[in-house]
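2 protein chains.
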Amino acid sequence: MKRNAKVSTAVIRRLPRYYRHLSELQEDGVVRISSSGLGKSMGLTASQIRQDLFCFGGFGQQGYGYKVDSLKEEIGEILGISRGHTLVVLGTGNLGRAIIQNFRFSSNGFRLLAAFDVNPDMVGTQVAGVPVYHTDEMEAFVSSRQVDVGLLTVPIAAAQQMGDRLVRAGVKGIWNFTNYELTCSQPGVVVESVHFSDSLLTLSYLISQQEVLEKTQEEHP
Amino acid sequence: MKRNAKVSTAVIRRLPRYYRHLSELQEDGVVRISSSGLGKSMGLTASQIRQDLFCFGGFGQQGYGYKVDSLKEEIGEILGISRGHTLVVLGTGNLGRAIIQNFRFSSNGFRLLAAFDVNPDMVGTQVAGVPVYHTDEMEAFVSSRQVDVGLLTVPIAAAQQMGDRLVRAGVKGIWNFTNYELTCSQPGVVVESVHFSDSLLTLSYLISQQEVLEKTQEEHP
Numbered sequence: 001m002k003r004n005a006k007v008s009t010a011v012i013r014r015l016p017r018y019y020r021h022l023s024e025l026q027e028d029g030v031v032r033i034s035s036s037g038l039g040k041s042m043g044l045t046a047s048q049i050r051q052d053l054f055c056f057g058g059f060g061q062q063g064y065g066y067k068v069d070s071l072k073e074e075i076g077e078i079l080g081i082s083r084g085h086t087l088v089v090l091g092t093g094n095l096g097r098a099i100i101q102n103f104r105f106s107s108n109g110f111r112l113l114a115a116f117d118v119n120p121d122m123v124g125t126q127v128a129g130v131p132v133y134h135t136d137e138m139e140a141f142v143s144s145r146q147v148d149v150g151l152l153t154v155p156i157a158a159a160q161q162m163g164d165r166l167v168r169a170g171v172k173g174i175w176n177f178t179n180y181e182l183t184c185s186q187p188g189v190v191v192e193s194v195h196f197s198d199s200l201l202t203l204s205y206l207i208s209q210q211e212v213l214e215k216t217q218e219e220h221p
Numbered sequence: 001m002k003r004n005a006k007v008s009t010a011v012i013r014r015l016p017r018y019y020r021h022l023s024e025l026q027e028d029g030v031v032r033i034s035s036s037g038l039g040k041s042m043g044l045t046a047s048q049i050r051q052d053l054f055c056f057g058g059f060g061q062q063g064y065g066y067k068v069d070s071l072k073e074e075i076g077e078i079l080g081i082s083r084g085h086t087l088v089v090l091g092t093g094n095l096g097r098a099i100i101q102n103f104r105f106s107s108n109g110f111r112l113l114a115a116f117d118v119n120p121d122m123v124g125t126q127v128a129g130v131p132v133y134h135t136d137e138m139e140a141f142v143s144s145r146q147v148d149v150g151l152l153t154v155p156i157a158a159a160q161q162m163g164d165r166l167v168r169a170g171v172k173g174i175w176n177f178t179n180y181e182l183t184c185s186q187p188g189v190v191v192e193s194v195h196f197s198d199s200l201l202t203l204s205y206l207i208s209q210q211e212v213l214e215k216t217q218e219e220h221p
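Sequences listed follow chains S and P, in order. Quick note: the first sequence uses our numbering, first residue 1, plus one each step. Quick note: the second sequence uses our numbering, first residue 1, plus one each step.
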């Protein structure tokens with residue numbers, strides 16, 4: 001696929017969803033799918049699908065649709081899945097351990113190399129086969145192994161400081177689970193945050209709207 | 001605030017961020033803030049801030065800005081934080097336990113009432129003071145207590161089935177951590193998913209773009 005230089009954030013945000021859906025279709029043995037079929041399973045219109053994929057120079061054939069495996073591969077390529085990115089985890093509390101044990105890093109093209117913590121009960125142990133070192137060793141590890149991404153699950157009070165240390169050590173991106181809005185002044189370093197509370201508050205908003213709607217319908221049936 | 005009937009998804013998605021930033025400002029003792037100040041801390045322009053808040057009928061005063069506490073309260077009201085929503089957790093594996101132990105449900109206006117699991121080692125125990133019951137008791141609990149939201153952290157193979165059971169039991173929303181794209185045909189029931197992999201793949205895309213850019217600069221300095 002050729003890529004347009006300017007792709008909107010909304011399209012970028014949808015690419016991982018395409019990748020996920022195409023993986024599921026592939027697992028289900030689907031070989032070809034029409035844009036309307038793909039749209040239906042993703043809650044998008046056929047025209048949105050065609051527009052999105054057109055941004056990346058990809059297009060199905062009229063009356064033929066998309067080949068699931070090659071479209072998945074092309075989107076995976078755009079997402080950088082085959083680039084062999086590496087990652088370390090900072091913080092091995094409950095959330096850190098849950099992610100290390102359950103998240104399929106390799107399906108997303110990442111190799112998890114190590115975890116770091118200051119807790120003496122954790123340092124020197126392994127979590128799901130991943131070695132846990134003391135946080136003091138993080139800088140040396142990250143720079144010698146040219147680690148791409150630091151996953152941050154430290155307590156919120158340590159978030160900015162540890163983020164700064166990761167950036168100085170040379171990571172290209174921070175995957176931030178601390179619920180703290182990290183600031184990063186280093187050009188070229190990307191921060192991607194997973195804010196659980198933003199997601200729950202969006203849900204809260206949507207069910208509140210629904211409650212108001214249902215109340216109105218009860219009062220004015 | 002008066003609310004416009006049609007608010008774009010993008011604005012809705014930003015509201016929790018406003019709430020989070022205003023909470024941080026409040027904790028830092030900030031009383032008033034200009035739209036440009038608020039924008040700066042959020043990576044938005046002053047004009048975007050004014051447009052967003054205008055959607056909900058809120059506006060600061062020229063040369064005065066926004067009162068942090070009342071703006072926070074108004075946005076919290078829109079998000080339904082004061083509505084006393086309730087929640088149960090389905091699945092007490094590592095991720096479920098990590099969320100129960102660490103996530104501040106009450107700060108987001110939710111009361112966590114119970115957790116459910118089929119694992120005999122978990123049933124009858126408590127996680128951070130939250131009782132764990134057998135999943136067979138979920139329907140009776142949810143309907144008698146009129147639980148609003150079910151948080152889903154069950155294995156992916158059980159995700160759709162447990163989602164369907166929650167909907168039949170009467171929840172208004174599902175907070176989905178299973179990495180499975182739940183389908184919900186019940187009108188009025190909202191599914192909000194936290195897909196870790198979508199977030200990591202977005203990060204992967206962004207650092208890959210950065211790598212390409214830097215390579216190009218090295219070749220054509």
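Ideal placement from N, C-alpha and C gives every residue a C-beta, glycine not left out.
Can you tell me where the beta strand (DSSP E) with residue i in it begins and where it stops?
i: L152(S); result: V149 to L152
i: E302(S); result: Lying outside 1 to 221, the shown extent of chain S, residue 302(S) is not represented and no answer is given.
i: T86(P); result: H85 to L90
i: V7(P); result: Segment: none, V7(P) is in no beta strand (DSSP E) and carries neither H nor E.
i: V132(P); result: V130 to H134
i: D117(P); result: F110 to D117
Over what stretch of residues does the alpha helix (DSSP H) that includes residue i continue unbroken?
i: N176(S); result: Element bounds for N176(S): not the alpha helix (DSSP H) but the beta strand (DSSP E), G173 to N176.
i: V212(P); result: F196 to E219
i: L182(S); result: It is not in any alpha helix (DSSP H) - L182(S) carries neither H nor E in the DSSP assignment.
i: R97(P); result: N94 to N102
i: A169(S); result: A159 to A169
i: F105(S); result: F105(S) -> no alpha helix (DSSP H), and no H or E assigned at all.
i: N137(P); result: For the record, residue 137(P) in the displayed sequence is Glu; it is not Asn. Note, E137(P): premise wrong, no alpha helix (DSSP H); not H, not E.
Return the CA-CA distance between residue i and residue j, expressed in angstroms with no decimal places.
i: R13(S); j: T202(P); result: 6 Å
i: F110(S); j: E214(P); result: 20 Å
i: L25(S); j: T183(P); result: 15 Å
i: G150(S); j: S204(S); result: 31 Å
i: L206(P); j: P221(S); result: 50 Å
i: V167(P); j: Q186(P); result: 7 Å
i: E77(S); j: I49(S); result: 18 Å
i: V123(P); j: M162(P); result: 17 Å
i: T125(S); j: G96(S); result: 14 Å
i: L152(S); j: L200(S); result: 20 Å
i: G29(P); j: A157(S); result: 17 Å
i: N108(S); j: Q146(P); result: 39 Å
i: E73(S); j: T216(P); result: 24 Å
i: S144(S); j: L38(P); result: 39 Å
i: N4(P); j: Q51(P); result: Confidence in N4(P) is poor, its pLDDT being 48 and thus under 50, which makes the residue's placement too unreliable to answer from.
i: F196(S); j: L53(P); result: 23 Å
i: I33(P); j: E218(P); result: 43 Å
Can the beta-carbon of residue i be found closer than 8 Å to that of residue j?
i: N179(S); j: Q101(P); result: no
i: S35(S); j: G65(S); result: yes
i: V171(S); j: V212(S); result: no
i: T92(P); j: A115(P); result: yes
i: H21(P); j: S41(P); result: yes
i: Q209(P); j: G188(S); result: no
i: E139(P); j: R165(P); result: yes
i: Y19(P); j: I99(P); result: no
i: V154(S); j: L90(S); result: yes
i: D198(S); j: P120(P); result: no
i: V11(S); j: C55(S); result: yes
Using a Cβ-based criterion (distance less than 7 Å to any ligand heavy atom), does residue i qualify as near the ligand GDP?
i: L206(P); result: With respect to the ligand GDP, the structure offers nothing, as it holds no ligand at all.
Can you name the residues of chain A whose CB is closer than 8 Å to the CB of residue i?
i: D198(S); result: Within the model displayed, chain A is absent; protein chains S and P are what it includes.
Touch check for the region 80 to 87 of chain S and the region 160 to 177 of chain P: three-plus C-beta pairs under 8 Å?
With the cut-off at 8 Å, the region 80 to 87 of chain S and the region 160 to 177 of chain P do not touch.
For the structure I just gave you, are there three or more beta carbon pairs, one from the region 126 to 136 of chain P and one from the region 191 to 198 of chain S, closer than 8 Å?
By the C-beta criterion, the region 126 to 136 of chain P is judged not to be in contact with the region 191 to 198 of chain S, since fewer than 3 inter-stretch pairs fall below 8 Å.
Looking at C-beta atoms only, is the number of pairs between the region 39 to 46 of chain S and the region 62 to 72 of chain S that lie closer than 8 Å three or more?
By the C-beta criterion, the region 39 to 46 of chain S is judged not to be in contact with the region 62 to 72 of chain S, since fewer than 3 inter-stretch pairs fall below 8 Å.
Residue ranges of each beta strand (DSSP E) within the region 11 to 67 of chain S, 3 or longer:
As for any beta strand (DSSP E) of minimum length 3 sitting wholly inside the region 11 to 67 of chain S, there is none.
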